[in-house]
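A.B. asks:
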Amino acid sequence: MNQKVQGKIMLNAEIRELINYLKNIVAEEKPDQNVVEKYGKDPDFIELDEMVRGIRSACRKHFEMIFDLYPDPTIITTMEDGRLLYYNRAFFKMIQTRGKTIIDEAFNIHDLYFELDKREQLIAELKRTGVSENMEITVNDANNELFVGLVSAQAINIDGTPHILSVIRDITEIKRLEEEIAQLSIKDKLTQVFNRLKIDEFLQSELERSERTEAPFAIILVDVDSLRNINEVYGNSVGDDLLVALAAMLKDNVRVTDIVGRWSGEEFLIVLPDTDEKGAVTLAEKFRTIVENTDFKIVGKLTASFGVSAYRKDLLPATLISRAHGARNRAKEKGRNRVECQ
502 MNQKVQGKIM
512 LNAEIRELIN
522 YLKNIVAEEK
532 PDQNVVEKYG
542 KDPDFIELDE
552 MVRGIRSACR
562 KHFEMIFDLY
572 PDPTIITTME
582 DGRLLYYNRA
592 FFKMIQTRGK
602 TIIDEAFNIH
612 DLYFELDKRE
622 QLIAELKRTG
632 VSENMEITVN
642 DANNELFVGL
652 VSAQAINIDG
662 TPHILSVIRD
672 ITEIKRLEEE
682 IAQLSIKDKL
692 TQVFNRLKID
702 EFLQSELERS
712 ERTEAPFAII
722 LVDVDSLRNI
732 NEVYGNSVGD
742 DLLVALAAML
752 KDNVRVTDIV
762 GRWSGEEFLI
772 VLPDTDEKGA
782 VTLAEKFRTI
792 VENTDFKIVG
802 KLTASFGVSA
812 YRKDLLPATL
822 ISRAHGARNR
832 AKEKGRNRVE
842 CQ
C-alpha cells in the first residue's frame with residue numbers, strides 16, 4: 502500500500518473518530534475519552550469542541566423555549582413507570598388549576614388518569630408503532646372533578662431509556678358544547694323535558710318492545726286547563742313559568758323508567774313502560790290531585806285534564822295518541838280537572 506493511500510485511510514479513520522465524538526456531544530452522551538486524550542491539546546480540536554458544545558447548548562435552549570411556550574400542556578415521562586421528567590408551563594398551569602402539585606419525582610402521570618386502562622392502551626400503541634394520536638381520555642383531579650383530554654404521544658429515547666413525549670389538549674368545553682347541542686336536539690328548550698321528536702322515538706321503541714314481549718305500556722296526555730286565559734290575564738311569561746313548574750312536577754313524580762315530554766303548547770305526554778290501563782289511570786289521578794292542590798306562583802290554583810290510552814296489539818303510535826286526545830277532550834267536556842280513558 503503506497504504512502505498516499507495509507508495516509509488517506511488514516512485520515513478517514515480520524516475523521517470518523519471525531520464525527521462519532523461530536524455526535525456523542527450533540528446527543529448529550531458521554532464522549533470517548535480516548536479521543537479527548539488524543540486531540541485534547543490541539544487548538545483546532547478545542548475550538549471545534551467548544552463550537553459544537555455551544556451549538557448544542559443553543560439548540561437545547563431553543564427547544565426548551567419552544568417546549569415551554571407551547572400552548573397545550575406538554576410533558577416527557579418515563580414509559581416504564583410514568584415518572585415526570587419535563588413539563589411546560591401550560592401543563593403546570595393545568596395541574597395548579599385542578600388542585601394538584603408537582604413535587605420532584607413524587608408526581609406520577611398515572612395520577613392524572615381516571616381510566617388507567619387508557620394509559621395502558623397508549624403505551625401498548627407506542628410500543629407497537631411509536632406514535633399515538635388523538636386518544637380521548639378522562640383526566641382526574643384532586644377535587645374529584647373530571648375533564649376530557651385529547652392526547653397525542655411519541656415514543657422517544659433519552660440516554661437509552663424509553664420515554665414518552667405527550668401533548669394534552671383539554672377538550673372539556675368542546676365535549677360540553679357537543680352534549681349541549683345533543684340535548685337541544687332532544688329537549689324542549691323551555692321546560693327541559695323531552696321534545697315531541699324524542700317522544701315519538703320513545704313511543705315507537707316502546708311499541709316495538711311490547712309487540713316482541715307482550716309487555717303492557719300506556720300513555721297519559723296532560724293538558725293545562727285555561728292556559729290561554731292565564732296568558733291573556735298575566736302575560737305569556739307567567740304562562741311559560743307555569744309550564745316549567747308543571748314539567749318539573751311531572752318529572753319529580755314519575756318512575757325512573759317513565760318518560761315525560763312536551764307534546765305541544767300546553768300539552769305534556771307521559772310514556773309509561775310496563776304499565777296497564779288501570780295503573781296509568783291511577784298515576785294520572787295522582788297527578789291531577791297534585792296539580793289541583795298546588796299553589797302556583799302568581800296564578801295560584803289551577804287544574805289540568807288528563808287523557809289515558811293503553812297499548813293494544815297492532816295499535817299504531819298515531820292511533821294511541823289520537824285515543825289519548827279523545828280521552829282528554831272528554832275530560833274537558835265533562836268539566837275539566839278530570840281523568841278519562843279511551
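Once you know that position 51 of the sequence shown is 552 in the numbering used here, the rest is easy, because the numbers rise by one and skip nothing. For each residue, glycine too, the CB sits at the ideal point set by N, CA and C. Quantities reported herein were computed from a predicted structural model and do not represent experimental measurements.
1. Using the rule of at least 16 other Cβ atoms within 10 Å of the residue's Cβ for burial, across every protein chain shown, is GLU767 buried or exposed?
2. What's the gap between the Cα of THR578 and the Cα of SER738?
3. So, with DSSP's three-state summary, where would you put GLY836?
4. Using beta-carbon positions only, say whether VAL649 and MET636 come within less than 9 Å of one another.
5. Flag this pair as yes or no: are the beta carbons of ASP724 and GLY808 separated by less than 9 Å?
6. So which of ILE610, ILE760, ASN658 has the shortest CA-CA distance to THR776?
7. Would you grab the beta carbon distance between PRO774 and GLU707 for me? Rounded to a whole angstrom, and I think it's under 8 Å.
8. Can you list, in chain order, the residues of its chain with a C-beta nearer than 8 Å to that of ILE791? Leave out the 5 residues immediately preceding and following it.
9. ALA683 to LYS814, Cα distance in whole Å?
10. ALA811 and GLU778: beta carbons closer than 9 Å?
11. Can you name the residues that DSSP bridges to GLU637?
12. Ignore the nearest five residues each way along the sequence and tell me which others in ILE638's own chain have a CB closer than 7 Å to its CB.
13. Tell me which same chain residues have a C-beta within less than 8 Å of the C-beta of ASP726, skipping the five on either side of it?
14. Tell me whether GLU709 is buried or exposed, calling it buried when 16 or more other Cβ atoms sit within 10 Å of its Cβ.
15. If you compare alpha carbons, which of SER633, ILE731, HIS611 is closest to GLN655?
16. Within 10 Å of its beta-carbon, does LEU722 have 16 or more other beta-carbons around it, so buried, or fewer, so exposed?
17. Please say whether GLY762 and ASP671 have beta carbons closer to each other than 9 Å?
18. Determine, using beta carbons only, whether ARG590 and ASP569 come nearer to each other than 9 Å.
C.D. replies: Looking at the coordinates:
1. Walking along the sequence shown from the start, residue 767 turns up at place 266. Its Cβ being crowded by 16 or more others within 10 Å, GLU767 is buried.
2. In the sequence shown, residue 578 corresponds to position 77, counting from 1. In the sequence shown, residue 738 corresponds to position 237, counting from 1. Their backbone Cα atoms lie some 57 Å apart in a straight line.
3. By one-based count along the sequence shown, residue 836 stands at place 335. Three-state result, GLY836: coil.
4. Working through the sequence shown from its first residue, we reach residue 649 at position 148. Working through the sequence shown from its first residue, we reach residue 636 at position 135. Cβ atoms of VAL649 and MET636: not closer than 9 Å.
5. On the sequence shown, residue 724 is found 223 positions in, with the first residue counted as 1. On the sequence shown, residue 808 is found 307 positions in, with the first residue counted as 1. Yes, the Cβ-Cβ distance between ASP724 and GLY808 is below 9 Å.
6. Translated into positions along the sequence shown, residue 776 becomes position 275. Among ILE610, ILE760, ASN658, the Cα nearest to that of THR776 is on ILE760.
7. As a first step, residue 774 is located in the sequence shown; it is residue number 273 there, counting from the start. As a first step, residue 707 is located in the sequence shown; it is residue number 206 there, counting from the start. Going by Cβ atoms, the distance from PRO774 to GLU707 rounds to 6 Å, so yes, they are a contact pair.
8. Position 290 of the sequence shown holds residue 791. For ILE791, where only same-chain residues beyond five positions count, the Cβ hits under 8 Å are MET750, ASN754.
9. The count along the sequence shown starts at 1 and reaches residue 683 at position 182. The count along the sequence shown starts at 1 and reaches residue 814 at position 313. Rounded to the nearest angstrom, the two C-alpha atoms are 33 Å apart.
10. Position 310 of the sequence shown, counted from the first residue, corresponds to residue 811. Position 277 of the sequence shown, counted from the first residue, corresponds to residue 778. Contact flag set, yes.
11. To locate residue 637, count along the sequence shown from 1; it is residue 136. The partner list for GLU637 (beta bridge, DSSP) reads LEU651.
12. Within the sequence shown, numbered from 1, the residue matching residue 638 stands at position 137. Contacts found: TYR614, GLU616, LYS619, GLY650, VAL652.
13. In the sequence shown, counting from the first residue as 1, residue 726 sits at position 225. If we look at ASP726 and ignore the five residues flanking it on each side, its Cβ neighbours are LEU803, THR804, ALA805, SER806, LYS833, ARG837, ASN838.
14. As a first step, residue 709 is located in the sequence shown; it is residue number 208 there, counting from the start. With fewer than 16 other Cβ atoms within 10 Å, it is exposed.
15. The residue labelled residue 655 in the question sits at position 154 within the sequence shown. The candidate whose alpha carbon is nearest that of GLN655 is SER633.
16. In the sequence shown, the residue the question calls residue 722 occupies position 221. Classification for LEU722: buried.
17. To locate residue 671, count along the sequence shown from 1; it is residue 170. To locate residue 762, count along the sequence shown from 1; it is residue 261. Taking 9 Å as the Cβ cut-off, ASP671 and GLY762 do not qualify as a contacting pair.
18. Here the question's residue 590 lines up with position 89 in the sequence shown. Here the question's residue 569 lines up with position 68 in the sequence shown. Cβ atoms of ARG590 and ASP569: closer than 9 Å.
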